[in-house]
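Letter 97 of the sequence shown, counting from 1, is numbered 96 in numbering that gives the first Met the number 0, and no numbers are missing. Note that CB positions come from ideal geometry on N, CA and C, so glycine has one too. In this text the structure is predicted, and so the values were computed from the model without any measurement.
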Amino acid sequence: MNIQYSFDQFYSKSSLQIEKFSITELCEKLQLPKETVRRKVLELEKLGVLKRRKKQIILDRSVFSQVKPERQIKQTAKYIYLISEIFNKDGIFQKKLDTKYIENIIKKNFSLVWRWFYRMQIPMVIGYHEMFEDVATFHIWGTIVMNQAFNYKNNVSNSNIHSLLPDYKKFNKGVIEEEGSSTGVSAMSLSDMTDIPRATVIRKCKYLIDHGYLKINEKKQYVMTGYNIDKILPYQRKIFKTKAKFLRKTLNLLTIS
0 MNIQYSFDQF YSKSSLQIEK FSITELCEKL QLPKETVRRK VLELEKLGVL
50 KRRKKQIILD RSVFSQVKPE RQIKQTAKYI YLISEIFNKD GIFQKKLDTK
100 YIENIIKKNF SLVWRWFYRM QIPMVIGYHE MFEDVATFHI WGTIVMNQAF
150 NYKNNVSNSN IHSLLPDYKK FNKGVIEEEG SSTGVSAMSL SDMTDIPRAT
200 VIRKCKYLID HGYLKINEKK QYVMTGYNID KILPYQRKIF KTKAKFLRKT
250 LNLLTIS
């Protein structure tokens, strides 16, 4: 609603009233069935997070201490800092930033920046939820992807990785078909890395194998398949566009602050 609050202001009020709350609008925004949204809203009511009064929603701030994004703000600030360093190096962003300064600006303009953040984050999660069985399956798949990408990165030149315009498709092909394919993850390691029980990891990985996202290499480790290039990369390009919007707005804010 374009109401600007700092981090402290946002969490200092006892409640927040949202006018004209619409289940239908939520369904459209989140691309979820009405019965699912209704069930989730009822769950939030039972938890005491919100109260419904006809077409209004009142959020109870007393339970917000559980969801304050302190850690996420630090992670987001670090992400923005690393991107700004690349932009500095390539000469397209002049201002020198540090993570503490970025954190402070985010907190000072919290409701504004976090609106931009959710507009980037929520569509990404929804999209991956549609591709995979659930968010836990996406988490396991993503952990395998990051492990392969990290190990493959160590085998290619730094200039290819840190350039503003890397060969994105070639890099992903290398992760899947070249050295990256020999560096998979075992079920036990995945369980340790994700904090998901080993039996659940095995079940989720079976789903990913059955749907073509994963295979098992000669070391009995889970690795990606070529299907990911055809299925995931086109979607990732859409994600990059929403990330670009978030970064553009946030870096502009940091520039004028």
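Between residue i and the rest of its own chain, which residues show a CB-CB distance below 7 angstroms, the 5 nearest in sequence each way excluded?
{"i": "residue 25", "result": "36"}
{"i": "residue 6", "result": "106 and 109"}
{"i": "residue 164", "result": "Because residue 164 carries a pLDDT of 48, less than 50, the predicted location of this residue cannot be relied on, and no value is offered for it."}
Within this structure, are the beta carbons of residue i and residue j separated by less than 8 angstroms?
{"i": "residue 61", "j": "residue 110", "result": "no"}
{"i": "residue 9", "j": "residue 54", "result": "no"}
{"i": "residue 144", "j": "residue 134", "result": "no"}
{"i": "residue 42", "j": "residue 51", "result": "no"}
{"i": "residue 147", "j": "residue 112", "result": "no"}
{"i": "residue 250", "j": "residue 92", "result": "yes"}
Just verifying my parser: in three-state terms, what is the DSSP assignment at residue i?
{"i": "residue 4", "result": "coil"}
{"i": "residue 195", "result": "coil"}
{"i": "residue 50", "result": "strand"}
{"i": "residue 93", "result": "coil"}
{"i": "residue 148", "result": "helix"}
{"i": "residue 237", "result": "helix"}
{"i": "residue 13", "result": "coil"}
Which residues does DSSP list as the beta-bridge partners of residue i?
{"i": "residue 125", "result": "None, per the DSSP bridge assignment."}
{"i": "residue 223", "result": "213"}
{"i": "residue 184", "result": "221"}
{"i": "residue 189", "result": "Paired residues: none, contrary to the question."}
For the alpha helix (DSSP H) holding residue i, just list the boundary residues, first then last.
{"i": "residue 88", "result": "69 to 88"}
{"i": "residue 25", "result": "22 to 29"}
Which same chain residues, not among the five before or five after residue i, have their C-beta less than 8 angstroms away from its C-beta?
{"i": "residue 237", "result": "126"}
{"i": "residue 215", "result": "183, 208, 221 and 222"}
{"i": "residue 139", "result": "189, 193, 195, 200, 203, 204 and 207"}
{"i": "residue 213", "result": "140, 143, 204, 207, 221, 222, 223 and 224"}
Are there any heavy atoms of the ligand SAH lying less than 7 angstroms away from the beta-carbon of residue i, as far as the coordinates show?
{"i": "residue 200", "result": "No copy of the ligand SAH appears in this structure; indeed no ligand is present at all."}
Would residue i pass as an interface residue toward chain D - the criterion being a Cβ-Cβ separation below 8 angstroms?
{"i": "residue 244", "result": "Judged by its chain identifiers, the structure shown contains no chain D, having just a single protein chain."}
Where do the N-terminal and C-terminal ends of the beta strand (DSSP E) with residue i fall, by residue?
{"i": "residue 61", "result": "Run containing residue 61: none; DSSP gives neither H nor E here."}
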